[in-house]
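Using my numbering, read the sequence shown as starting at 12 and increasing by one per residue.
Ideal Cβ positions, reconstructed from N, Cα and C, are used throughout, including at glycine.
None of the values given here were measured: they were computed from a predicted structure.
Inspection log for the structure reproduced underneath, given as structure tokens.
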Amino acid sequence: MNYKNPDENGYYGEFGGAFIPEMLYPNVEELQKNYLEIIESEDFQDEYQDLLKNYVGRATPLYFAKNLSNKYKTQIYLKREDLNHTGAHKINNALGQVLLAKRLGKNRIIAETGAGQHGVATATACALLGLECIVYMGEIDIQRQAPNVARMKMLGAEVVAATSGSKTLKDAVNEALRDWINNPVTTHYVIGSVVGPHPFPDLVARFQSIISKEIKEQLKEKTGRENPDYVIACVGGGSNAAGTFYHFVEEKEVKIIAAEAGGLGVDSGKSAATTFLGTLGVLHGSKSLLMQTEDGQVIEPHSISAGLDYPGIGPFHAHLFKQKRAEFFSINDDEALKCAFELTRLEGIIPALESSHALAILDKKKFNENDVVVICLSGRGDKDMETYLKEIRS
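Following this line, the structure appears as structure tokens:
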């Protein structure tokens with residue numbers, strides 16, 4: 012089965028597609044017709060790969076976490092996306108999409124952001140490539156991710172607060188889509204995750220697939236084998252996970268594990284564990300699993316982590332879940348916090364709260380002594396210091 016590439020209509024099995032208002036159709040159709048030809052061209056790849064190497068700092072290390080491995084009695088490797096320029100995996104996609112937008116003749120970039128990492132990455136790419144940048148961010152996320160807001164403004168981006176609904180990531184996406192409808196000719200919307208109408212889930216997954224490509228090469232060098240026994244990543248919309256899983260989904264011997272944000276618990280009413288709580292529906296232009304009431308109203312998600320605070324999941328991941336190709340776990344806020352401090356004290360690495368959800372799988376699943384377990388460390392914890400400080404003080 013082909014898990015990683017959608018069909019010509021943008022479907023992964025029953026999930027995906029492009030459910031868009033008529034006014035957005037020309038934008039999306041332009042992307043659908045041109046994205047593969049542009050991003051696979053030699054000219055594009057030369058510029059993109061050069062920037063990944065010399066600007067972003069790729070390849071990121073695959074680090075054998077000796078102390079963590081000793082504790083959990085298995086072989087744990089961390090894919091250090093936190094060491095990218097701007098501090099997370101988000102730059103892989105932001106740079107790629109801004110380069111694509113330039114080739115499509117766009118001079119204005121809009122983006123949504125939750126934790127702020129995608130906003131910072133997009134603002135960085137726009138500063139580098141000389142494009143106007145507007146970032147939509149939920150009012151609550153602006154408060155809890157103040158350092159990233161400051162970085163975006165310093166990079167020259169305009170940060171616009173989304174003040175409707177839960178005032179978090181979902182609402183920032185709504186505002187960005189409204190902007191795109193109003194400015195279809197000059198503007199490209201850089202979606203930060205594997206969500207949205209086709210071709211965005213595929214486009215973002217392709218730009219993030221550099222993560223699993225490097226894991227294969229680095230693991231071969233370190234262990235003599237390309238494939239680990241397990242790959243683990245956190246999932247909100249799911250871009251770091253899509254990149255981590257991409258080159259392994261058709262390798263049957265590799266077990267795939269996704270960590271969702273359980274919030275205060277799956278049954279608490281304050282959660283973002285979509286595969287546990289979601290049903291089939293349409294959100295932000297694609298059909299997937301989402302948390303909704305019986306009459307189709309979106310249920311507000313909750314997570315201590317701003318980047319996982321999303322009521323849906325990308326169609327790529329919904330398909331992996333439905334086909335039982337990936338195992339999904341719900342990780343609660345307190346479990347993620349515990350693992351953030353554990354990694355910091357065992358390995359001297361302060362992870363983002365998102366990544367800490369992936370680390371918490373180590374407490375949920377029993378691994379064998381000789382298993383090779385690769386965990387994507389999607390971002391660094393600078394942006395979450397306020398939350399960590401509260402925990403230290405309490």
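- Note on geometry: alpha-carbon atoms of ALA253 and ASN193 lie some 30 Å from one another.
- Judged by their CB atoms, LYS117 and GLU380 are not nearer to each other than the 7 Å cut-off.
- Judged by pairs of C-beta atoms under 8 Å, the stretch 289 to 309 does not touch the stretch 256 to 275, as fewer than three such pairs exist.
- Per the DSSP secondary-structure output, GLY390 pairs in a beta bridge with ALA99.
- Between ALA337 and the set MET148, LEU47, ALA244, VAL215, the nearest pair of CA atoms involves ALA244.
- Scanning its chain for C-beta atoms nearer than 7 Å, with the 5 sequence neighbours on each side dropped, one finds around LYS178 the residues GLY149, GLU150, ILE151, in chain order.
- Residue pairing from DSSP places CYS144 in a beta bridge opposite ILE120.
- A distance below 6 Å between beta-carbons, with the five flanking residues on each side excluded, links ILE202 to the following residues of its chain, in chain order: PHE211.
- Membership of VAL215 in the alpha helix (DSSP H) is indicated by the continuous run 211 to 219.
- Note that the stretch 152 to 166 touches the stretch 120 to 134; at least 3 beta-carbon pairs, one per stretch, sit closer than 8 Å.
- Inter-residue distance for LEU115 and GLY359 is about 43 Å (C-alpha atoms, whole angstroms).
- Taking the Cα positions, GLY249 is about 32 Å away from ARG404.
- Collapsing the DSSP output to three states places LYS77 in a helix.
- HIS328 and VAL184 do not touch by the CB rule: their CB atoms are close to 17 Å apart, not below 8 Å.
- GLU225 is positioned such that its CB atom lies no closer than 7 Å to that of ALA99.
- Residue range 364 to 370 is occupied by the alpha helix (DSSP H) that includes HIS368.
- The stretch 145 to 187 is shown to contain whole alpha helix (DSSP H) runs of 4 or more residues at 150 to 155, 157 to 165, in chain order.
- In this structure, the straight-line span from the alpha carbon of GLU397 to that of ILE315 is close to 12 Å.
- Residue range 337 to 343 is occupied by the beta strand (DSSP E) that includes ASN343.
- In the structure shown, the three-state DSSP call for GLY27 is strand.
- As summarised for the stretch 297 to 325, the continuous beta strand (DSSP E) elements at least 3 residues long and confined to that stretch are 297 to 301, given in chain order.
- With a 10 Å radius around the Cβ and a threshold of 16 neighbouring Cβ atoms, SER341 comes out buried.
- For PRO326, the closest of VAL277, TYR23, LEU400, ASN13 by C-alpha to C-alpha distance is TYR23.
- VAL242 sits in a strand when the DSSP states are folded into three classes.
- Inclusion of VAL146 and ALA112 in the CB contact set at 7 Å is not warranted, their separation being larger than that value.
- DSSP, read as helix, strand or coil, puts GLN334 in coil.
- Taking a cut-off of 8 Å for Cβ pairs, the stretch 132 to 146 and the stretch 90 to 104 touch, as three or more such pairs fall below it.
- The beta carbon of LEU94 is closer than 7 Å to those of GLY68, THR71, PRO72 in its chain, skipping five residues each way along the sequence.
- Note that the stretch 29 to 38 does not touch the stretch 213 to 228; fewer than 3 beta-carbon pairs, one per stretch, sit closer than 8 Å.
- As DSSP reads the structure, VAL201 sits in a beta bridge with ALA122.
- For LEU294, the enclosing beta strand (DSSP E) begins and ends at 290 to 294.
- The three-state reading of DSSP puts TYR22 in strand, counting E and B together.
- ILE50 sits in a helix when the DSSP states are folded into three classes.
- DSSP places GLY254 inside the alpha helix (DSSP H), whose first and last residues are 250 to 256.
- Partner residues in a beta bridge of GLY273, as assigned by DSSP, do not exist.
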